[in-house]
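The block underneath contains the structure these notes are about, expressed in C-alpha cells.
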Amino acid sequence: MKINLHNISFAYDHDIIIKNTSCSFVSGNFYSILGPNGSGKTTLLDLISGFLRPGAGDIDIDEAPILSLSKKEISKKISLVSQDYTINFPFSVKEVVMMGRHPYIPRFSHPSTHDLNRVDATMEICGISHLHDRKINELSGGEKQRCVFARALCQDTPILLLDEAFSNMDISHTLQMLQLVKKSVKEKNKVVISVFHDLNLASSWSDALLMLKEGEIQAFGNTQDVLSQQTIKNVFNVESIVEFNKHVKAKQVYYPSV
Amino acid sequence: MVLFSLILVLMIFTSLSMGYIHIPLMDIINILIEKIFGNFHFIENTNEIYLAVILDVRLPRILTCTAVGAALAVSGGLFQGILLNPLADPYTLGVSAGAAFGASIAILLNLSAAFVSVPAFAFTGACVTLFVVIFLSYSSKNPMSGLSSNNLILSGIIIGAILSAGISFLKFIANEQVSVIIFWLMGSFASKTWPDFFAVMIFLVIGLFISIFFARDLNLISLGAKSATSLGVDLKKVTLILLVTGSMLAAISVSVSGIIGFVGLLIPHMVRFVTGPDNRKLIPLSMLAGAFLLLMADTITRAVLPHEIPIGVLTALTGGPVFCWIFKKSRLK
Chain A
0 MKINLHNISF AYDHDIIIKN TSCSFVSGNF YSILGPNGSG KTTLLDLISG FLRPGAGDID
60 IDEAPILSLS KKEISKKISL VSQDYTINFP FSVKEVVMMG RHPYIPRFSH PSTHDLNRVD
120 ATMEICGISH LHDRKINELS GGEKQRCVFA RALCQDTPIL LLDEAFSNMD ISHTLQMLQL
180 VKKSVKEKNK VVISVFHDLN LASSWSDALL MLKEGEIQAF GNTQDVLSQQ TIKNVFNVES
240 IVEFNKHVKA KQVYYPSV
Chain B
0 MVLFSLILVL MIFTSLSMGY IHIPLMDIIN ILIEKIFGNF HFIENTNEIY LAVILDVRLP
60 RILTCTAVGA ALAVSGGLFQ GILLNPLADP YTLGVSAGAA FGASIAILLN LSAAFVSVPA
120 FAFTGACVTL FVVIFLSYSS KNPMSGLSSN NLILSGIIIG AILSAGISFL KFIANEQVSV
180 IIFWLMGSFA SKTWPDFFAV MIFLVIGLFI SIFFARDLNL ISLGAKSATS LGVDLKKVTL
240 ILLVTGSMLA AISVSVSGII GFVGLLIPHM VRFVTGPDNR KLIPLSMLAG AFLLLMADTI
300 TRAVLPHEIP IGVLTALTGG PVFCWIFKKS RLK
C-alpha cells in the first residue's frame, strides 16, 4: 500500500491552503503531521481521504487516482477519525461503532455475525464495552472520542487517518490507543497518518514526521532526523531544547521557561 | 410495527362508522367486501345511502387524510435527519410558503373554476421554491458549505419570508376573495375525492421507498460530513435526493389539503423517544403514527365536534400541549 501526493495545491477561493506539495506514505509506518494552527494539516488529510478535491496535482493510492474511486471503494481503504466528533442524535455507543461496518453491510441487510463480532471485539479493546447501551451524546469528550476511534478501527482499512484523535483523552487512554494503532501498523502492515500537537508523543510513537508550515512541507523524514531545535524554531517559532531521552528511547523536546 | 398497522386499520373503520349518519360496523364491512370482490348479491341488504356515504364521501376523505398524515410525518423525519436539527419540519425550506403563494395566485385569478388548478398551482409553487432554495445554498466548490444545514435553513427562511410578504400582498388586493385564501391556507379534508387520495398515495409510496433505501445513509449523516463521507456516503447525492423526496411529500400534502402544521414536527420527534434515532425504524413508525394522529384529528373535527373547525388549528391545539408534556417529562428524567 502506497499513497502518493504529486504537486498538490488547494485553495479556498483565494486563500491558498496547500502549496505545490509532493510526498508519499508507505505501509508499515506511523506518520505524524505537525505544524502550527492553520498550517493545512487537516486540509492535507481531507485531500488524502478524497473529501476535498485538489485544485491541482494528483493523489494516488497504489497507482489508482483517488478521484477515480467511488466513495464506497475509498471507505474500504481509508478510515478517518475526524477532529469534530459531535453526533447530533442520541445513538447508542454500539450503534455508533456498528456504523464503522457500513461499507461492508449491503443495503437492506442486517449485520452478519462477523460484523457483530468485530464490533464487540473492537469495543472490548478500546475499553468501551461497558458503555455499549449509553447514549453517545451523554458521554464525556474523551469517551466519545474513544467511541469514534473504535468506529474507525472497525472499518478495517489499510489506511487510518487520525485528526487530533487523542485531544480529549486522558494519558492512560491516549497511550492505550496509540499502542493499539502502533501494533496494527507493525502486525497488519497498515499506514497511519496522524495530526498531533504534542511533539513528544509524536516523537516517541511515530516512524516519520511531516512538518507543515503555511501549506508547505518544511521537513519530512525519519522522526529522529527531523526533530531538531532548528526545525522547531523554523516551524513553530519557539525556542526549545531537543535531546535524546533514554527512558523514552526517543528524542524529547523541552521548552525553557522565559 | 404490525401492532401499529392494526391500530391504524381499526381507526379507519371506527372513523368510517362515525359521523352525521352513524353506520354500523357490519354494514361497512359488507359494503367493502362487495366492492372489492365485485360480489353484489348482498347489495339488497345494505342501505343505498350508506353505500354512497361510505364510498363517495367518507372513504376518500379518510384515506386522503391518512395518506397526508403519513406523508407529512415521513417528510418531517427526513428533514430532521438531513438538517441535523430536531426542530426542522417539512416546511423549514419554505415549501409550504411556496405552495400557499401558488394557491393564492390561483384563487385570486379565479382559476378555481377548473377542478385541478388550485392544487396544481400550489404544487408548482412548492417545486419552484425548493429549486430556488437549493440553488441559493448550493456551491459546487466547497463540499463543506454546499447544502450544509445552516445554508439550507437560512435560504429557506429568507425565501419563506419573501413569499409570506407576497401572500400578504395578494390577500391585500384580493378583496372579497381573501376569505377563500385564508380558509385554503388553514387546511381541510372536506370533500376530498379519490383522485386526491391516489395523487398523495403515489408520492407516499415512492417517497417511502426512497427514504427506506437511504435510511442507513441518513443515520451516518448525523456523524458529520467528513465522517459520513469517510464511511462511503456520497453526501451531496444523498442529501439532494432526500431533500427533494421530503419536499415533494410536503408539496403534495399541502397542495391537496392546505397547510397542516405540527404533524411533521411533532410525530418524528415523539416517535424518536420510542424507537431511538435509527431512521430505519423511525421513518416507517413515524409514517404510521402520523397517519393515525391526523386521522384521529380529522375524525374529531368531522364527527365529534358540533362544528367543523380547520384541521390545522386542531392539530396544533391538541398536539401542542401533548408535546409540551412529553418534552417536560423527558427533561425531568
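Going line by line, the protein sequences match chains A and B. Here numbering that gives the first Met the number 0 is used: position 7 in the first sequence is 6, and no number is missing along the way. Here numbering that gives the first Met the number 0 is used: position 270 in the second sequence is 269, and no number is missing along the way. All residues carry an ideal CB built from backbone N, CA and C; glycine is no exception.
Based on Cα-Cα distance, which residue from the options lies nearest to residue i?
i                      : options                       : result
residue 197 of chain A : A:3, A:163 and A:37           : A:163
residue 88 of chain B  : B:78, B:94 and B:95           : B:78
residue 237 of chain B : B:253, B:218 and B:255        : B:218
residue 12 of chain A  : A:53, A:40 and A:35           : A:53
residue 254 of chain B : B:302, B:195, B:13 and B:300  : B:195
residue 158 of chain A : A:181, A:119 and A:173        : A:181
residue 301 of chain A : A:215, A:253, A:237 and A:206 : A question about residue 301 of chain A goes unanswered here, because the residues of chain A that appear run from 0 up to 257.
residue 14 of chain A  : A:42, A:80 and A:230          : A:42
residue 254 of chain A : A:224, A:18 and A:199         : A:199
residue 156 of chain A : A:38, A:73, A:119 and A:211   : A:73
residue 80 of chain A  : A:169, A:144, A:6 and A:246   : A:144
residue 167 of chain A : A:83, A:33, A:240 and A:244   : A:83
residue 128 of chain A : A:149, A:108, A:177 and A:154 : A:149
residue 78 of chain A  : A:49, A:126 and A:165         : A:49
residue 36 of chain A  : A:25, A:125 and A:235         : A:235
Report all residues from its chain with a CB closer than 6 Å to the CB of residue i; omit the five preceding and five following residues, and keep chain order.
i                      : result
residue 59 of chain A  : 3
residue 184 of chain A : 29 and 191
residue 69 of chain A  : none
residue 22 of chain B  : 16 and 49
residue 265 of chain B : 318 and 322
Any beta carbon from chain B within less than 8 Å of residue i's own beta carbon?
i                      : result
residue 48 of chain A  : yes
residue 101 of chain A : yes
residue 15 of chain A  : no
residue 142 of chain A : no
residue 79 of chain A  : yes
residue 9 of chain A   : no
residue 148 of chain A : no
residue 165 of chain A : no
residue 139 of chain A : no
residue 98 of chain A  : yes
residue 83 of chain A  : yes
residue 94 of chain A  : yes
Strictly below 9 Å CB to CB, what residues from chain A border residue i?
i                      : result
residue 195 of chain B : Those within 9 Å of residue 195 of chain B in chain A number zero; the least Cβ separation is about 32 Å.
residue 204 of chain B : What residue 204 of chain B touches in chain A: nothing, since even the nearest Cβ is about 17 Å away.
residue 212 of chain B : 106 and 107
residue 57 of chain B  : Here the premise fails: no neighbours, minimum Cβ distance about 37 Å.
I want to see whether chain A comes within less than 8 Å of residue i, judged by CB atoms only; does it?
i                      : result
residue 263 of chain B : no
residue 60 of chain B  : no
residue 270 of chain B : no
residue 301 of chain B : no
residue 225 of chain B : yes
residue 231 of chain B : yes
Can you name the residues of chain B whose CB is closer than 7 Å to the CB of residue i?
i                     : result
residue 87 of chain A : 83 and 221
residue 74 of chain A : 229, 230 and 231
For residue i, which residues from the same chain have a beta carbon less than 8 Å from its beta carbon, with the 5 sequence-adjacent residues on both sides left out?
i                      : result
residue 136 of chain B : 145, 146, 147, 150, 151, 153 and 154
residue 89 of chain A  : 134, 135, 136 and 137
residue 241 of chain B : 77, 80, 81, 209, 210, 213 and 217
residue 66 of chain B  : 196, 199, 200, 203 and 290
residue 114 of chain A : 97, 100, 103 and 104
residue 93 of chain A  : 118, 122, 131 and 132
For residue i, go through chain A and note every residue whose CB falls closer than 7 Å to its CB, in chain order.
i                      : result
residue 228 of chain B : 50 and 70
Within 8 Å of any Cβ in chain D, is that where the Cβ of residue i sits?
i                      : result
residue 106 of chain A : This model lacks chain D altogether; the protein chains it does include are A and B.
Whose Cβ in chain B lies nearer than 8 Å to the Cβ of residue i?
i                      : result
residue 290 of chain A : The requested residue 290 of chain A does not occur in the structure, where chain A is confined to residues 0 to 257.
residue 186 of chain A : Here the premise fails: no neighbours, minimum Cβ distance about 23 Å.
Once you ignore the five residues that flank residue i on each side, which residues in its own chain have a CB closer than 7 Å to its CB?
i                      : result
residue 184 of chain B : 99, 257 and 258
residue 250 of chain B : 94, 98, 122, 125 and 126
residue 227 of chain B : 219, 220 and 234
residue 61 of chain A  : 0 and 1
residue 267 of chain B : 72, 75, 76, 79, 281 and 285
Item to check | 4-residue-minimum alpha helix (DSSP H) runs that sit fully inside the stretch 31 to 114 of chain B, ordered along the chain | outcome: Considered as a whole, the stretch 31 to 114 of chain B harbours 47 to 51, 58 to 81 and 94 to 107 as its complete alpha helix (DSSP H) runs of no fewer than 4 residues, in chain order.
Item to check | Start-end ranges of the alpha helix (DSSP H) lying completely within the stretch 79 to 149 of chain A, minimum 4 residues | outcome: Scanning the stretch 79 to 149 of chain A from its first residue to its last, the whole alpha helix (DSSP H) runs of 4-plus residues come out as 92 to 97 and 112 to 124.
Next on the checklist: My parser needs the beta strand (DSSP E) runs of 3 or more residues fully inside the stretch 181 to 247 of chain A; what are they?
Outcome noted: Secondary structure in the stretch 181 to 247 of chain A: the beta strand (DSSP E) runs of 3 residues or longer, each lying completely within the stretch, are 190 to 194, 207 to 212, 215 to 221 and 240 to 244 in chain order.
Next on the checklist: So within the stretch 253 to 310 of chain B, which uninterrupted alpha helix (DSSP H) runs reach at least 4 residues, ignoring any that extend past its ends?
Outcome noted: If we require 4 residues or more, the alpha helix (DSSP H) runs fully inside the stretch 253 to 310 of chain B come out as 262 to 274 and 278 to 298.
Item to check | Length-filtered (4 minimum) alpha helix (DSSP H) runs lying within the stretch 3 to 28 of chain A | outcome: Assignment of alpha helix (DSSP H) within the stretch 3 to 28 of chain A, counting only whole runs of 4 or more residues, yields no such run.
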